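Single-structure report; data block below.
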Amino acid sequence: MNRVDGKVAIVSGGARGIGGECARRLAEHGASVIIGDVLESEGAQNAAAIRDAGGKAAFVPLDVTKAAAWEKAVAEAVSNYGGVDILVNNAGAYITKPVLETTQEDFALLVAVNLEGVFLGTKICAPEMIRRAQAAPVGSAIVNISSVAGLVGSRNSPVYSMTKGGVRLFTKSTALEFAKKRVRCNSVHPGLIDTPMGSLAMSRAGRESNDMREAFARSHPIGRIGEPQDIAAAVVFLSSDDAAFITGAEFAVDGGVTAQ
Ligand SMILES: NC(=O)c1ccc[n+]([C@@H]2O[C@H](COP(=O)([O-])OP(=O)(O)OC[C@H]3O[C@@H](n4cnc5c(N)ncnc54)[C@H](O)[C@@H]3O)[C@@H](O)[C@H]2O)c1
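Just so we're aligned: the sequence shown equals residues 76 to 335 in the working numbering.
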């Protein structure tokens, strides 16, 4: 099934974890993918693996907090593949500290990566996405990776939760701003996902490491923690023309955690 055939996607934080899987799945479904990340060797390896599997992908060094780096990523997408149709604002930073222990440096890092990075990616990719959308049957799509911590409060990570809540409402605002310009914008809210960040979240939660995974699995009504492909499947759908009438929506992909 080629759900995004012929489209061009930029995936921030696409070197590993959820973003790495989103890049692979988008390529499997027919998109040409620009992987942007600060992890240069992992990002280049992921792009090479996609090409080895017959897909189209290139790596660009991207720090999402730097406007000039975003401009280069867009220029690369245009020169390699002809434009940008899909933006996955996935790169994220995570710090687990209660408010009383959070420093201003912690706060600044979370805001820079999780909020400013999404703002800059949207602002800098949007003109090219709007241009491409005019000639496309359905248009372009932005998918922002928020979190369940952007839907409900987080006891362990209050400032992370604050930034992810901001992503949720920024998504709805950009959906309204861009609706007539034919760019849809939706947010995905993962539960606990088995990635380096997910491991950090589990280890910081202070449970015994032996039964940590089982305890977290039990805390999800569906009985397991998530895998990156659980999120990538939702991202491919929201990026595709199958989601033509969906904009400004929030998708919990969390095994039922926020249904409780
Ligand atoms: N893993 C989870 O349990 C979970 C749950 C909810 C939401 N999320 C969100 O999903 C997204 C992906 O998380 P993940 O679990 O794959 O994490 P991860 O740490 O495994 O991967 C994050 C990627 O983002 C990149 N990145 C970090 N800062 C960057 C920057 N300034 N510029 C460019 N790239 C940068 C990292 O290098 C890495 O490749 C994040 O936005 C995260 O907040 C994750």
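Quick reminder that beta carbons are idealized off the backbone N, C-alpha and C, glycines included.
Computed from a predicted structure; not experimentally measured.
Checklist entry - What is the DSSP secondary structure of I93, reduced to helix, strand or coil? => result Here I93 sits in helix by DSSP.
Checklist entry - Less than 9 angstroms separating the beta-carbons of G92 and G273? => result For G92 and G273, yes; Cβs fall inside 9 angstroms.
Next on the checklist: Taking DSSP's pairing of strands, which residues face R259 in a bridge?
Outcome noted: Beta-bridge pairing links R259 to A216.
Checklist entry - Hey, how far is the Cα of H295 from the Cα of K82? => result Those two C-alpha atoms are separated by around 35 angstroms.
Next on the checklist: Quick test of your reading: A133 and I109, contact by CB under 8 angstroms. State the CB separation rounded to the nearest angstrom.
Outcome noted: The pair is a contact, with the Cβ atoms about 6 angstroms apart (cut-off 8 angstroms).
Item to check | Closest by C-alpha distance to R299, when choosing among F326, V332, T178 | outcome: The shortest CA-to-CA distance from R299 to any of F326, V332, T178 is the one to V332.
Checklist entry - Would you call the CB atoms of A216 and L137 closer than 9 angstroms? => result For the pair A216 and L137, the CB atoms are not nearer than the 9 angstroms cut-off.
Checklist entry - On the three-state DSSP scale, how would you describe D305? => result The answer is helix: DSSP assigns D305 an H, G or I state.
Item to check | Where A84 sits in the DSSP three-state scheme | outcome: Annotated three-state conformation of A84 is strand, per DSSP.
Checklist entry - So, helix, strand or coil for L267, using DSSP? => result Correct three-state label for L267: coil.
Next on the checklist: Please classify D80 as buried or exposed, where buried requires at least 16 neighbouring CB atoms within 10 angstroms.
Outcome noted: Burial check for D80: the Cβ neighbour count within 10 Å stays below 16, so the residue is exposed.
Next on the checklist: Does the distance between the C-beta of H104 and the nearest non-hydrogen atom of ligand 1 fall short of 8 angstroms?
Outcome noted: In this structure, the C-beta of H104 stays at least 8 angstroms away from each heavy atom of ligand 1.
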